[in-house]
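Notes to accompany the following structure.
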Amino acid sequence: MKLKIKFSIISLFILKLVISKPILKFNNNNQFKIIQFTDLHYGSEPVDDIDTIFSQDLVILSGDMVTGYEEQFEDDDRNYWKYWNVFTRPFVERNIPWAITFGNHDGEGALSTNEILKIDQTFNLSLSQSNPVEMHGIANYVLKISSSNSLKSEPASLVYIFDSSTKGCSKLDWGCVHQDQVDWFKNTSKSFNKTDSIAFVHIPPVEIIDLWNNYPVYGNYSETSCCFDNDYGDFVSSLVESGDVHGLYFGHDHENDFHGDYKGVDLGYGRKSGAGSYSSKKPLGARVFQLTESPFTLSTWIREEDGNIVSQVIHPPSEFDRKPLQCKMKDKYSKKELIAIKVIGGFLIFLGIVVVGLIGFFGFKHYKKYEFKKQYQEFKKYSNCIL
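Given below as structure tokens:
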């Protein structure tokens, strides 16, 4: 079954390559609207279509579209197709293009993120891409937004997508952005002459804590950030230094939804968009972005599933509400990881029993030999006394 499905993925992928993809473009009012859906977690429990009744030009799905460690994704590849059709249906019906980046849970089932990407790319409205060069992750790419002026050939703005579904991030094994991804960004930014842009990733960077502690922000910090630090690349500092990325947005921490200006770059969470996995304790929703072409501006707000636009309260820096400048260690594991932990733990226990047993066995032999020698010496001494 899996072989047949993989064959169908490849066949549809090749077929769709010959079909032209949508072109992103500022409208006649010099505006372009993006909506970010994050942490849908389809497959965790029965959920309805995400509601996209409001108009936008592009949808960004910023990771954890599905909960890959759920049993249905381990047993049947077809469930990926099933849920992809479910959550993209509103986009297809409204002819809205979308692009994805991966979260830490998407690739934890039967299909790898590379195979999932190929499924997504079979949809004509998908603008998702694979890496243009070799680097960490699968889906690092840039989307071009054309000018409202058709005479201009150069893009008016860019959308950077970073793939943080990577491994080798120390104990923060939900992923990070590595230096080779940062280098790709620097080269790409330079090749586009530092065109005004916006960026998305799934895992938040550690600077989000510094933002909360030392800068005014809008929104809530309701759970400790499962972020990534700077041990593997100078990600945010490179965005700040470049000067062309005006905003970086992410998800992952379901209960957080704040954003704020961090050294010239607006850093911020989306709003959890799906009912699967643990609750955000807030109404489901999405973060909306409105880009203005010339001069370039970026404005953002959260809109809940009932259409309500959230008025996020400002949170000034406070000594009474500071957070430790460190990312939360991993304390939740997928089924596969729990099985691996149990297997390794069982093996270590078995090994410990064997070692203790060997020590006891050889120790007992040594003890018996010592006792025999001691008794022999005493017997010999006693015999000499008699003689």
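Residue numbering for the sequence shown is -20 to -1, 1 to 367, as defined by mature numbering (1 follows the signal peptide of the UniProt record, and there is no 0). Glycine is no exception: its CB is placed at the ideal position from the N, C-alpha and C atoms.
On the DSSP bridge assignment, give the partners of residue 17 in chain order.
Within the sequence shown, numbered from 1, the residue matching residue 17 stands at position 37. Bridge pairing for residue 17: 41 [DSSP].
Return the residue from the list 185, 219, 210 and 186 that minimises the CA-CA distance to residue 169.
Mapped onto the sequence shown, residue 169 falls at position 189. The candidate whose alpha carbon is nearest that of residue 169 is 219.
Hey, is the stretch 187 to 201 in contact with the stretch 292 to 302, meaning 3+ C-beta pairs nearer than 8 Å?
As far as the Cβ criterion goes, the stretch 187 to 201 touches the stretch 292 to 302, which means the pair count is three or higher.
Identity of the residue in 10, 1 and 48 nearest residue 257 by Cα:
Taking the sequence shown and counting its residues from 1, the one referred to as residue 257 is at position 277. Each of 10, 1 and 48 was checked against the Cα of residue 257, and the nearest Cα belongs to 48.
If I measure Cβ to Cβ from residue 215 and keep anything under 7 Å in the same chain, skipping five residues before and after, which residues do I get?
Translated into the one-based positions of the sequence shown, residue 215 becomes position 235. For residue 215, where only same-chain residues beyond five positions count, the Cβ hits under 7 Å are 157, 162 and 185.
State the start and end residues of the unbroken alpha helix (DSSP H) segment that holds residue 98.
Position 118 of the sequence shown, counted from the first residue, corresponds to residue 98. For residue 98, the enclosing alpha helix (DSSP H) covers residues 93 to 101.
Quick one: give me the first and last residue of the beta strand (DSSP E) that residue 270 is part of.
Numbered from its first residue, the sequence shown carries residue 270 at position 290. 265 to 272 is the extent of the beta strand (DSSP E) around residue 270.
If you drop the 5 nearest sequence neighbours on each side, which residues of the same chain put their C-beta closer than 7 Å to that of residue 108?
Residue mapping note: residue 108 aligns to position 128 of the sequence shown, counting from 1. If we look at residue 108 and ignore the five residues flanking it on each side, its Cβ neighbours are 79, 80, 97, 100, 101 and 119.
Residues that residue 286 bridges to, as DSSP identifies them
Mapped onto the sequence shown, residue 286 falls at position 306. According to DSSP, residue 286 bridges with nothing at all.
Given residue 190, which residues of its chain have a CB within under 7 Å of its CB, disregarding the five upstream and five downstream residues?
Here residue 190 is taken as the residue at index 210 of the sequence shown, counted from 1. These residues qualify, in order along the chain: 305.
By alpha-carbon positions, which one of 273, 285 and 1 ends up nearest to residue 10?
Translated into positions along the sequence shown, residue 10 becomes position 30. Residue 10 has its Cα closest to that of 273, out of 273, 285 and 1.
Please report the straight-line C-alpha distance between residue 374 and residue 85, rounded to a whole angstrom.
The structure shown does not extend to residue 374, since the chain is modelled only from -20 to 367, so the question has no answer here.
Do residue 123 and residue 228 come within 8 Å of each other at the CB atom, strictly closer than that value?
As a position in the sequence shown, residue 228 is number 248, starting the count at 1. As a position in the sequence shown, residue 123 is number 143, starting the count at 1. For residue 228 and residue 123, no; Cβs fall outside 8 Å.
Between which two residues does the beta strand (DSSP E) harbouring residue 229 extend?
Within the sequence shown, residue 229 is the residue found at index 249, counting from 1. Its beta strand (DSSP E) spans residues 225 to 230.
Given this structure, state the Cα-to-Cα distance separating residue -1 from residue 76, to the nearest angstrom.
Position 20 of the sequence shown, counted from the start, is the residue given in the question as residue -1. Position 96 of the sequence shown, counted from the start, is the residue given in the question as residue 76. Here the C-alpha atom of residue -1 lies approximately 14 Å from the C-alpha atom of residue 76.
Looking at the structure shown, is residue 195 part of a helix, part of a strand, or coil, going by DSSP?
Within the sequence shown, residue 195 is the residue found at index 215, counting from 1. Three-state result, residue 195: coil.
Within 10 angstroms of its Cβ, does residue 267 collect 16 or more other Cβ (buried), or is it exposed?
Start at 1 with the first residue of the sequence shown, and residue 267 comes out as number 287. By the C-beta density criterion, residue 267 is buried, having at least 16 other C-beta atoms within 10 angstroms.
What residues in its chain sit with their C-beta under 6 Å from that of residue 263, if we drop five residues either side in the sequence?
Position 283 of the sequence shown, counted from the start, is the residue given in the question as residue 263. Here the set comprises 284.
When burial is assigned at 16 or more other CB atoms within 10 Å of the CB, is residue 277 buried or exposed?
Position 297 of the sequence shown holds residue 277. It is exposed - the Cβ of residue 277 has fewer than 16 other Cβ atoms within 10 Å.
Rounded straight-line distance, which links the Cα of residue 62 to that of residue 318
Locating residue 318 in the sequence shown gives position 338, counting from the first residue. Locating residue 62 in the sequence shown gives position 82, counting from the first residue. Residue confidence for residue 318 is low, a pLDDT of 46 falling below 50, so the modelled location carries little weight; the figure read from the coordinates is stated next. Cα-Cα distance, rounded: 27 Å.
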